[in-house]
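Asker:
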Amino acid sequence: MAKPKRVYQSWKGNNKFLLGGRLIFGPDAKSLIITVTLILVPVVLFCVFVARNLVHELQQESAGYAILVIAIVFTIYVFILLLSTSAKDPGIVPRNFHPPEEVLGFDSSASVEAGSRPLPRTKEVLVNGLPVRVKYCETCMLYRPPRCSHCSVCDNCVERFDHHCPWVGQCIGKRNYRCFFFFVSSTALLCVFVFSISALYLKLLMDDSGTIWKAIKESPASVALMAYCFIALWFVGGLTGFHLYLIGTNQTTYENFRYKGDNRVSVYNRGCIANFLQLFCSRIEPSKINFRGCVQEEASKPPKSNIRETDINISDGDTRIKVEDDLDIGDDIMKISQRRNSDEVGDVRGRGSDRSPIGRSEVDFGFGLESQFSSRPSY
Ligand SMILES: [Zn+2]
Ligand SMILES: [Zn+2]
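The letter at position 294 of the sequence shown is residue 289 when you use my numbering, and the numbering goes up by one with no holes.
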């Protein structure tokens, strides 16, 4: 009997899998080699040319050894964070085999004929009494949960899509954002550490030899490491600061770039401290996909929508239908905006990018992903 196919073996996205589907990467995971090299090479140089020599330079040998151990342990920690960010499901929404019922049965009184009526591109749901426009993804055949976007690199819809990071070769989304932030901020701290200790070593050499030039001649590696860390810190330190701002205001990178200058009311924002607590103290939900599971027969019946118990206003008609949701969608609302956009479905920019024939307020969801939609009062 033929072995049943696993989910990861027939995966439709562009992901790469390792260890029988236990590790999931983006299609550009090879860039991890560059990222690892950019971290590992300077750390090795630091350990060999600075930390090792410091053991003899410092009055207390144990302090020198401590620096060496800290550098090695901290680098291992950074690599664990890097792997945790790039080798796990960022929050992929499982694709449907068929369009959801309300798409096929959009006009239930008439038989569904291809091209007889356009598919509803967007629909509106209520969260805490505020209207949220969700968009239909043609590729994944589902209405995207709010804050979800389709990554064109990985070809998946990803919840709370932040961006696709080429350095880690993975989407940054709901499930790996925290790891990503710790990776970036820890790398910045590592830069500060290597820079400071290299400067200390140069200072000690200068005290011994008398001039800075002699010290530089004695340890050119220290100068090179300081220059390298200084430049690197502009990137990782700047990125850390930017993400601290995003976390404090409960935004994603995508939202920040997409809606810059829109003057949208930030209704997701619970206040800086609450936003931080929400990000760092909330439980990371398990993956919605069991990549190692066996492929199931395609459902003969079109699946129900991923939007639960919500009155929906389909934007190209007056029909309102009740649909159900099997996705956990956040309750904290971040932004309201008047929309006049005109983008396409399936674009990496995703949310906020579908053509809507009527201008409507849009509310986006925040990080909290526990509560459900409330019912919409009838018009
Ligand atoms: Zn999609
Ligand atoms: Zn991606």
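All residues carry an ideal CB built from backbone N, CA and C; glycine is no exception.
Relative to the C-alpha of residue 19, which candidate in 56, 264, 131 and 78 has its C-alpha closest?
Answerer: 78
Asker: Check the C-beta distance from residue 22 over to residue 148 and give it rounded, since I have them as a contact under 8 Å.
Answerer: 6 Å
Asker: Can you list every residue whose CB sits closer than 6 Å to some heavy atom of ligand 3, going in chain order?
Answerer: Ligand 3 is absent from the structure shown, which contains only ligand 1 and ligand 2.
Asker: So who's on the other strand from residue 120, going by DSSP bridges?
Answerer: Answer is 127, bridged to residue 120.
Asker: Name the two residues that bound the continuous alpha helix (DSSP H) containing residue 226.
Answerer: 215 to 244
Asker: Measure the beta-carbon distance from residue 152 to residue 143 and round it to whole angstroms, keeping in mind my assumption that it falls under 8 Å.
Answerer: 5 Å
Asker: Using 8 Å as the threshold, is the C-beta distance between residue 220 and residue 45 below it?
Answerer: yes
Asker: Should residue 134 be counted as a contact of ligand 1 given a C-beta to heavy atom distance under 7 Å?
Answerer: Yes, Cβ of residue 134 sits closer than 7 Å to a heavy atom of ligand 1.
Asker: How about residue 152: is its Cβ closer than 7 Å to a heavy atom in ligand 1?
Answerer: yes
Asker: Here's a check: name, in chain order, each residue in its chain whose Cβ is nearer than 7 Å to the Cβ of residue 267, leaving out the five neighbours to either side.
Answerer: 243
Asker: Can you tell me which of the three DSSP states residue 156 falls into?
Answerer: coil
Asker: Given that a residue counts as buried once 16 or more other Cβ atoms are within 10 Å of its Cβ, and exposed if not, what is residue 278?
Answerer: A residue is called buried once 16 or more other Cβ atoms fall within 10 Å of its Cβ, and residue 278, having fewer, is exposed.
Asker: Could you tell me the alpha carbon to alpha carbon distance between residue 209 and residue 43, rounded to whole angstroms?
Answerer: 20 Å
Asker: Would you list the residues sitting across from residue 42 in a DSSP beta bridge?
Answerer: None, per the DSSP bridge assignment.
Asker: Excluding the five sequence neighbours on either side, which residues of its own chain have a C-beta within less than 6 Å of the C-beta of residue 247, listed in chain order?
Answerer: 157
Asker: Could you please give the first and the last residue of the uninterrupted alpha helix (DSSP H) stretch that includes residue 169?
Answerer: No alpha helix (DSSP H) contains residue 169, which DSSP labels as neither H nor E.
Asker: Return the chain-ordered list of same chain residues with a C-beta closer than 7 Å to the C-beta of residue 168, the five sequence neighbours on each side being excluded.
Answerer: 85, 86, 153, 154, 155, 156 and 157
Asker: Helix, strand or coil for residue 277, going by three-state DSSP, please let me know.
Answerer: coil
Asker: When DSSP builds the beta bridges, which residues end up paired with residue 79?
Answerer: According to DSSP, residue 79 bridges with nothing at all.
Asker: In terms of residue numbering, what span does the alpha helix (DSSP H) encompassing residue 49 cover?
Answerer: 47 to 52
Asker: State yes or no: is the C-beta of residue 163 within less than 8 Å of the C-beta of residue 27?
Answerer: yes
Asker: Along the chain, where does the alpha helix (DSSP H) that runs through residue 252 open and close?
Answerer: 248 to 253
Asker: Can you say whether residue 215 is buried or exposed, counting buried as having 16 or more other CB atoms within 10 angstroms of its CB?
Answerer: exposed
Asker: Counting only the same chain and skipping the five closest in sequence on each side, list residues whose C-beta sits under 6 Å from that of residue 172.
Answerer: The answer, listed in chain order, is 157.
Asker: Within the continuous beta strand (DSSP E) that includes residue 135, where are the two ends?
Answerer: Note, residue 135: premise wrong, no beta strand (DSSP E); not H, not E.
Asker: Do residue 179 and residue 228 have their CB atoms nearer than 8 Å?
Answerer: It is not a contact, given that the beta carbons lie outside the stated cut-off.
Asker: Between residue 287 and residue 57, what straight-line distance do the alpha-carbon atoms span, to the nearest angstrom?
Answerer: Spanning the two alpha carbons is a distance of roughly 48 Å.
Asker: Would you say residue 290 and residue 89 are within 8 Å of each other, going by their C-beta atoms?
Answerer: No, the Cβ-Cβ distance between residue 290 and residue 89 is not below 8 Å.
Asker: One question on the structure: do residue 60 and residue 68 come within less than 8 Å of each other, judged by their Cβ atoms?
Answerer: no
Asker: Check each candidate in 35, 63 and 6 and name the one with the smallest Cα separation from residue 192.
Answerer: 63
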